Amino acid sequence: MSDCDSDDFMYEEESGSVDDEFSDDGSDDTPLAAGIDAGSQPRATQTQTQGEYSADAAFDDEYDDYFMDDGGFEPVLGSRSQRKPWEVEFKVYDLESLTAKQTAMVGRLEPLLALSAETTMLLLRCYLWKEESLLEDFLTDQDGTLAKVGLPEHPPSPRIETGDDTFVCEICYCDGSDEQFLALWCGHRFCSDCYRTYVRSKVLESESWRIRCPAPKCKTLVGLEPARLVLAGDTAALERYEENLTRSFVNDLSTFAWCPAPNCEYAVECQVPRSAWTTM
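Going by our numbering, the letters in the sequence shown line up with residues 164 to 443, in that order.
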């Protein structure tokens, strides 16, 4: 055999060996068929899984929409129903409603104490409008409670009287029967002019219900009725006095405060002590 023939023979053997790899027994189709079959089944399974996932995803989206806020943050459950520390109930009062509130508080205690409206109001102001504390002290020690404001149980109404031969003003020392003076229940007598000057000076100092009889060491409070008597001819001073009364009502209550805006005449009531407002 020539070299060419031997080379052809070797080529045929090698070709045959290559052909054997792709024989007609179907083994050449198996890997491809297997790949197709194997790939089709996962695709069917995948489709089925996607169907199941789409239902779960819809629920999850609804869950997220319900529990997520607009900013994309997930708050603690129930936080929307909880108030922030600074979110408290409040009520706004004008000057007329403030006067009505004072009158209502006096009206509640007046029949319980069996005192006049003037005396009840003075006691309430002395107790900084703490009704329960006043009622408890009054029922325990009536005379001692009245002594705090220098009042008897049923004081006579204040009045302007004309002096007699024995009258002498303890401030200016004017005397005589032609002088007029304010008669209070404490018995100290001062002429109307001196009393008017004294009360007006206290009003200009922003005082009101805390004005006491000008006699040394006298605890008798000059209430609204005596102030109106001595300031009857001074409209500006009388208006300032009544304004001071209203301002003291707001200032004496721990749950009230004036609006901080300049010249605003509205007050705010908040059922939180004023001492805690800076921490809210």
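Just so you know, even glycine gets a beta-carbon here, dropped at the ideal spot from N, CA and C. The model shown is predicted, which means the values in this text are computed figures rather than measured ones.
Residue i classed as buried or exposed, judged by whether at least 16 other C-beta atoms fall within 10 angstroms
i           : result
residue 412 : buried
residue 386 : buried
residue 301 : buried
residue 321 : buried
residue 423 : exposed
residue 296 : exposed
residue 426 : exposed
residue 379 : exposed
residue 318 : buried
residue 430 : buried
residue 282 : buried
residue 340 : exposed
residue 254 : exposed
residue 274 : exposed
residue 251 : exposed
residue 329 : exposed
residue 307 : exposed
residue 373 : exposed
residue 313 : buried
residue 389 : buried
Host beta strand (DSSP E) of residue i (start-end)
i           : result
residue 325 : 322-325
residue 336 : Element bounds for residue 336: n/a, residue is neither H nor E.
residue 253 : 253-256
Three-state secondary structure assigned by DSSP to residue i
i           : result
residue 357 : helix
residue 290 : coil
residue 343 : strand
residue 420 : strand
residue 426 : coil
residue 362 : helix
residue 271 : helix
residue 384 : strand
residue 435 : coil
residue 373 : coil
residue 199 : Low confidence applies to residue 199: its pLDDT is 44, below 50, so where it sits in the model is not reliable, and the reading given next is rough at best. If DSSP states are grouped into helix, strand and coil, residue 199 belongs with the helices.
First through last residue of the alpha helix (DSSP H) which encompasses residue i
i           : result
residue 308 : 305-310
residue 409 : 398-415
Closer than 7 Å to chain D by CB, residue i
i           : result
residue 279 : Note that chain D does not occur in the displayed structure, where there is just one protein chain.
Tell me, please, whether the segment 398-407 touches the segment 360-375 by the rule of three or more beta-carbon pairs shorter than 8 Å. yes
Would you check if there are 3 or more beta carbon pairs closer than 8 Å linking the segment 345-357 to the segment 325-334? yes
Please determine if the segment 261-269 and the segment 281-298 are in contact, where contact requires at least 3 C-beta pairs separated by less than 8 Å. yes
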